[in-house]
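Residue numbers for the sequence shown follow full-length UniProt numbering, beginning at 1 and rising by one.
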Amino acid sequence: MNSQQRQQLFARLRAANPEPTTELAYATTFQLLIAVILSAQATDKSVNLATRKLFADAPTPQAMLALGEEGLATYINRIGLYPSKARNVIATCRQLIELHGGEVPPARVALEALPGVGRKTANVVLNTAFGEATIAVDTHIFRVANRSGLAPGKTPLAVERELLKRVPEEFRQSAHHWLILHGRYVCKARKPECWRCDIADLCAWPEKTDPFGAPLP
Numbered sequence: 001m002n003s004q005q006r007q008q009l010f011a012r013l014r015a016a017n018p019e020p021t022t023e024l025a026y027a028t029t030f031q032l033l034i035a036v037i038l039s040a041q042a043t044d045k046s047v048n049l050a051t052r053k054l055f056a057d058a059p060t061p062q063a064m065l066a067l068g069e070e071g072l073a074t075y076i077n078r079i080g081l082y083p084s085k086a087r088n089v090i091a092t093c094r095q096l097i098e099l100h101g102g103e104v105p106p107a108r109v110a111l112e113a114l115p116g117v118g119r120k121t122a123n124v125v126l127n128t129a130f131g132e133a134t135i136a137v138d139t140h141i142f143r144v145a146n147r148s149g150l151a152p153g154k155t156p157l158a159v160e161r162e163l164l165k166r167v168p169e170e171f172r173q174s175a176h177h178w179l180i181l182h183g184r185y186v187c188k189a190r191k192p193e194c195w196r197c198d199i200a201d202l203c204a205w206p207e208k209t210d211p212f213g214a215p216l217p
């Protein structure tokens with residue numbers, strides 16, 4: 001995909017959704033961080049169902065730490081990998097209080113030092129809460145970037161680096177959200193809905209189909 005095509009791709013995504021944002025529900029940066037930790041290998045819908053009551057009862061690191069692992073587990077036990085997530089969240093709350101005055105640090109190194117926080121989670125928080133032009137490569141973005149030819153790469157980190165080089169600067173802040181939403185609702189893993197894709201003519205994927213499974217012309 002050349003530079004003109006990339007410009008057109010993001011111009012169309014912006015026209016369809018001028019102000020994209022995460023579908024995770026949160027009220028504070030701390031709550032965003034916890035929601036993203038919980039979202040690993042889980043749907044945003046399942047996380048939002050759990051955090052609706054969790055954040056009402058324990059909206060701060062101090063209140064969440066007071067729940068303990070077992071108490072927290074009762075809120076999140078319908079989310080995948082909840083025992084390890086409960087352990088990481090409680091440890092993160094403790095670290096936020098002891099090292100950062102109960103605040104979420106706005107720096108990558110400090111974020112990635114928190115239990116349960118890897119590069120992808122740190123990128124989401126840096127982008128959504130602190131306005132940095134980062135791109136968190138999840139399975140949706142990895143798929144869209146490779147299928148379309150936008151930023152091919154064999155690993156999430158390779159795709160992230162390619163996206164940061166190739167996405168025009170004016171779109172970089174919101175690119176993360178546009179690509180995730182496009183992968184989640186249009187460029188799906190098993191049955192991509194190419195016939196209603198705003199960027200199908202720019203996409204290099206050779207297996208585009210119509211609603212009946214026939215190849216697109």
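Think of the CB as a built atom: it goes at the ideal place given N, C-alpha and C, for glycine as much as any other residue.
query, result
"Quick check on Y82: buried or exposed, where buried means 16 or more other Cβ atoms within 10 Å of its Cβ?", "buried"
"Using three-state DSSP, classify P215 as helix, strand or coil.", "strand"
"In or out: N127 buried (at least 16 other Cβ within 10 Å) or exposed?", "buried"
"For T209, name the three-state secondary structure that DSSP assigns.", "strand"
"Is it true that the region 155–173 meets the region 122–141, where meeting means three or more beta-carbon pairs spaced less than 8 Å apart?", "yes"
"Would you grab the beta carbon distance between A35 and Y26 for me? Rounded to a whole angstrom, and I think it's under 8 Å.", "5 Å"
"Since C203 and R166 are thought to touch, with beta carbons under 8 Å apart, how far apart are those beta carbons, to the nearest angstrom?", "Wrong, their Cβ atoms sit about 15 Å apart, outside the cutoff."
"Could you pull out every residue in the same chain whose Cβ sits closer than 6 Å to the Cβ of V117, ignoring the five residues on either side in sequence?", "L111"
"Please say whether F10 and P61 have beta carbons closer to each other than 9 Å?", "no"
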